[in-house]
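Protein chains in written order, with the numbering used here: chain A, 1 to 266; chain B, 1001 to 1195. Encoded as structure tokens, the structure appears first; notes follow it.
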């Protein structure tokens, strides 16, 4: 093939990767060689056709929305998130100063409401921070792509693994739906408390179920919050345990798994 | 308390959240397209892109503004693919050793591989987009990824070298082999008819 342009030069020509000197040499050759001109044209057409054929798959709008939420919320600090949430909600304008002229009973009632509101906001903020930490732990597990500390689909292996590691015990359901499997578990920490992170798969979706000893005070509320950073959250609290599950799987299926776990805790 | 490394650097990363969105979201269709080609199904492709976004978010603090974000995030996608189920399965059927041995044999291309037909004939074959897509599906992952980055994503050779973490010479060699393989596959019906 001496005398003709090499395959590498033809490819680089089609890709616009030839240096100025190489391009001058190639053009000089092409002006006198119909065979190489034909090959160069063929390379360019192949490249154009591949580009057209290669744009084949488009993400679904649902997936795009999910990724957009993930990208926009994951780096956002909790304080900003809360501020954004407040902005989006319809807030009442501040009370005018003239309310101070009301009777003493009215002022006392307002103060009572303010304190109640502050307490409620503080509790809500704590719960938001807790759910954010739960999601972070789940994301860390996904991103690490590492095997669980205990790898087993057998509840009789996973549960005893926590003996001596946790100051409490819990039960795991024996029968799971067809495409739900127990993958293993990790020992982790939530809010400074030793916590069991049970790892399930529902289809191809990974699920983290965090089980920790019930903290003093009010039980965690799952009624208002169903989604954090694009992930669905479900859980329950009983007299001894706080259990919270997080995943990007369909929320009803996540709730189904949580219900199974709840049923065996007696 | 948290053991997460990005928690410790959150204050440094937080101001760049909008920058991440600005850089990453326009690339979402491209990431998904390449992921689908490599993983060969929608579910794995979506998992791969999600994992890529999560890893990119986690490591965004180390990304230098002004450097090549596209090459950076595609490198994350590619590395995630290599450690995914579909990536590991693909690697079992196409080992790097085979690749290197073949590359040594492929130092110079036989004349028969180079297309010396008339542009009209080529045009007719290339007009069949389904045939070209089928030919691309038959490419080994190492050749498919390089052709996707070069022709579909229109990356420069040096960017591809950065994504795949291979020398430029290997990029050029793989592109030549990928195109030669595509031509041979597309030409197969004509050869069979002639035989």
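Note that the Cβ used here is the ideal one computed from N, Cα and C, for glycine as well. Since we're looking at a predicted model, the values are computed, not measured.
Counting along the chain, residue 215(A) sits inside no alpha helix (DSSP H), nor does DSSP assign it H or E at all. Residue 1181(B) and residue 1030(B) have their C-alpha atoms some 24 Å from each other. By the rule that beta-carbons nearer than 8 Å mark a contact, residue 1167(B) does not touch chain A. Against chain A, a Cβ distance below 9 Å from residue 1157(B) picks out 12, 15 and 17. In the displayed model, residue 57(A) falls within coil according to three-state DSSP, outside both helix and strand. Excluding its 5 nearest sequence neighbours in each direction, residue 211(A) has C-beta neighbours in its own chain below 7 Å: 170, 195, 196, 198, 241 and 243, listed in chain order. Out of 1129(B), 1073(B), 1155(B) and 1191(B), the CA that lies nearest to the CA of residue 56(A) is found in 1129(B).
Residue pairing by DSSP places residue 241(A) opposite 213(A) in a beta bridge. Here residue 14(A) is not near residue 30(A), since their CB atoms are 8 Å or more apart.
When CB distances to chain B are screened at a threshold of 9 Å, the residues of the segment 42-61 of chain A falling below it are 42, 43, 45, 46, 47, 48, 49, 50, 51, 52, 53, 54, 55, 56, 57, 58, 59 and 60, in chain order. Boundaries of the beta strand (DSSP E) harbouring residue 201(A): 193-202, taken from the DSSP string.
Within 10 angstroms of the beta-carbon of residue 1155(B) lie 16 or more other beta-carbons, which makes it buried.
Look at residue 228(A) here: in three-state DSSP terms it is strand. Scanning 1041(B), 1135(B), 1052(B) and 1165(B) for the CA closest to the CA of residue 140(A) turns up 1052(B). By the CB criterion at 8 Å, residue 1074(B) and residue 1146(B) fall outside the cutoff.
Annotation: residue 1077(B) to residue 161(A) spans about 35 Å, alpha carbon to alpha carbon. In this structure, the beta-carbon distance from residue 180(A) to residue 70(A) does not fall below 8 Å.
Here residue 239(A) is not near residue 209(A), since their CB atoms are 8 Å or more apart. Identification of chain A residues near residue 1047(B) by a Cβ-Cβ cut-off of 7 Å yields 204, ordered along the chain. Between residue 264(A) and residue 172(A), the gap from beta carbon to beta carbon is short of 8 Å. Scanning the segment 142-172 of chain A from its first residue to its last, the whole alpha helix (DSSP H) runs of 4-plus residues come out as 155-161. For the pair residue 52(A) and residue 128(A), the Cα-to-Cα distance works out to about 46 Å. Closest in C-alpha terms to residue 157(A), from the list 184(A), 144(A), 60(A) and 237(A), comes 184(A).
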